[in-house]
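Positions in the sequence shown are counted from 1; adding 3 to them yields the working numbering.
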Amino acid sequence: MTLAERVASTALNSASLVSGRLAASAAHALFHMPLPRSAMRASERELFDRAHTEPIEVDGASVMTCRWDEGTRPVLLAHGRQSRGSRLSSFVPALLDRGRSVITFDAPAHGDSTGRSTTVLDYRTAITALHQRYGTFEAVAAHSLGALGSFFALEHGVTLRKVVTISGVCDFDLLIGLFSSSLGLRDRLRSRLREEAVAKRGGRRARRNPPALTDLLPPAY
């Protein structure tokens, strides 16, 4: 553990002895704070300097979007937790060569977007906003939490023809478990944190994983 993680671990576990509810609320807030932010790498800069950039509003946060080409036959790239859109830039040249437009974004509290925290629902909202602007995606390529956010968006009306996941998260509880283990949270606090996460999602548990959602996709072509 880093010093910051040790401090957080001690504070949360100690607080849980006094109030499990407040400790779980604090742990949930910390879970959604991707610190530190990932900076754009020098190797990514030239490509992104050629992109059309535009902020969109997502639940009070200014989310930075990037687009190459005119937006026809769009392919969306969705980054993972504690990452940014530029991390998937290696896919851009080949997609452009194949006549696709490429779109990516920095989730709230990531990259060049504003905000202090992000949730899978924020991913869903950002992807939905881009879908409303560009229409059906030719494909979505998503990493880690971006995969889960993409499937949430798919389940809530976003349409696409193909989806590719890279180390995709198919169970939100897995992320909670990894976070809890990294901080050495007590078992009872872990359980309360899971309950808090479900409550924040409107009481909706992660009941469907990506393989179970593939019936929402059109036939391959």
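Where a beta carbon is used, it is the ideal one built from N, C-alpha and C, also for glycine.
If you're wondering where the values come from, they're calculated on a predicted model, not measured in any experiment.
Can you check which of these residues, Q135, I130, S89 and G149, is closest to S46 by C-alpha distance?
Position 43 of the sequence shown, counted from the first residue, corresponds to residue 46. Nearest C-alpha to S46: S89.
Using 8 Å as the threshold, is the C-beta distance between F175 and L151 below it?
The count along the sequence shown starts at 1 and reaches residue 175 at position 172. The count along the sequence shown starts at 1 and reaches residue 151 at position 148. A Cβ-Cβ contact shorter than 8 Å links F175 with L151.
Let me make sure I understand the geometry here. Which of R48, H113 and D72 has the alpha-carbon closest to that of L38?
Taking the first residue of the sequence shown as position 1, residue 38 is located at position 35. The shortest Cα separation from L38 among R48, H113 and D72 belongs to H113.
Using the Cα positions of R119 and M36, report the straight-line distance between them to the nearest angstrom.
Numbered from 1 along the sequence shown, position 116 holds the residue referred to as residue 119. Numbered from 1 along the sequence shown, position 33 holds the residue referred to as residue 36. About 6 Å.
Compute the Euclidean distance between the alpha carbons of R189 and S17, then round it to the nearest angstrom.
Translated into positions along the sequence shown, residue 189 becomes position 186. Translated into positions along the sequence shown, residue 17 becomes position 14. Our two residues, R189 and S17, have alpha carbons roughly 10 Å apart in a direct line.
Where the alpha helix (DSSP H) through E198 begins and ends:
By 1-based counting over the sequence shown, the position of residue 198 is 195. Taken as a continuous stretch (DSSP letters only), the alpha helix (DSSP H) holding E198 covers D190 to K203.
According to DSSP, is A30 part of a helix, a strand, or is it coil?
Your numbering for residue 30 matches position 27 in the sequence shown. Three-state DSSP puts A30 in a helix.
For R70, count the other beta carbons within 10 Å of its own beta carbon; 16 or more makes it buried, fewer makes it exposed. Which is it?
Residue mapping note: residue 70 aligns to position 67 of the sequence shown, counting from 1. That one is buried.
What are the uninterrupted segments assigned as beta strand (DSSP E) that are 3 or more residues long and contained completely in the region 42 to 104, given in chain order?
DSSP runs (the beta strand (DSSP E)) wholly in the region 42 to 104: 55 to 61, 64 to 71 and 77 to 81.
Rounded to whole angstroms, what is the Cα-Cα separation between F154 and L50?
One-based indexing of the sequence shown puts residue 154 at position 151. One-based indexing of the sequence shown puts residue 50 at position 47. Cα-Cα distance, rounded: 28 Å.
Roughly how many angstroms lie between the CA atoms of L186 and R24, to the nearest whole one?
Translated into the one-based positions of the sequence shown, residue 186 becomes position 183. Translated into the one-based positions of the sequence shown, residue 24 becomes position 21. Spanning the two alpha carbons is a distance of roughly 18 Å.
Figure out for me which residue from T75, G149, L80 and H31 has the closest Cα to the Cα of H182.
Along the sequence shown, one-based indexing puts residue 182 at 179. Inspection of the sequence shows that residue 182 is occupied by Phe rather than by His. Considering only alpha carbons, the answer is H31.
How would you call M4, buried or exposed, if buried means at least 16 neighbouring beta carbons within 10 angstroms?
Residue numbering aside, residue 4 sits at position 1 when the sequence shown is read from its first letter. Flag for M4 reads exposed.
Check whether the region 96 to 103 touches the region 119 to 130, taking contact to mean three or more Cβ pairs, one atom from each stretch, closer than 8 Å.
Look at the beta carbons and you see the region 96 to 103 not touching the region 119 to 130: under three pairs across the two are nearer than 8 Å.
Whole angstroms is fine: what's the gap from S22's alpha carbon to I106's?
For the purposes of this step, residue 22 is identified with residue 19 of the sequence shown, where counting begins at 1. For the purposes of this step, residue 106 is identified with residue 103 of the sequence shown, where counting begins at 1. Their backbone Cα atoms lie some 44 Å apart in a straight line.
Apart from the five residues just before and just after T117, which ones in its own chain have a Cβ nearer than 6 Å to its Cβ?
Walking along the sequence shown from the start, residue 117 turns up at place 114. Around T117: A64 and S65.
Using a 10 Å radius around the Cβ and a threshold of 16 neighbouring Cβ atoms, would you call H134 buried or exposed?
The count along the sequence shown starts at 1 and reaches residue 134 at position 131. By the neighbour-count rule (16 or more Cβ atoms within 10 Å), H134 is buried.
Do H146 and L196 come within 8 Å of each other at the CB atom, strictly closer than that value?
Translated into positions along the sequence shown, residue 196 becomes position 193. Translated into positions along the sequence shown, residue 146 becomes position 143. Not in contact: L196 and H146 (Cβ atoms no closer than 8 Å).
Could you tell me if T122 is buried or exposed, where buried requires 16 or more neighbouring beta carbons within 10 angstroms of its beta carbon?
To locate residue 122, count along the sequence shown from 1; it is residue 119. The C-beta of T122 has 16 or more other C-beta atoms within 10 Å across all chains shown, which makes the residue buried.
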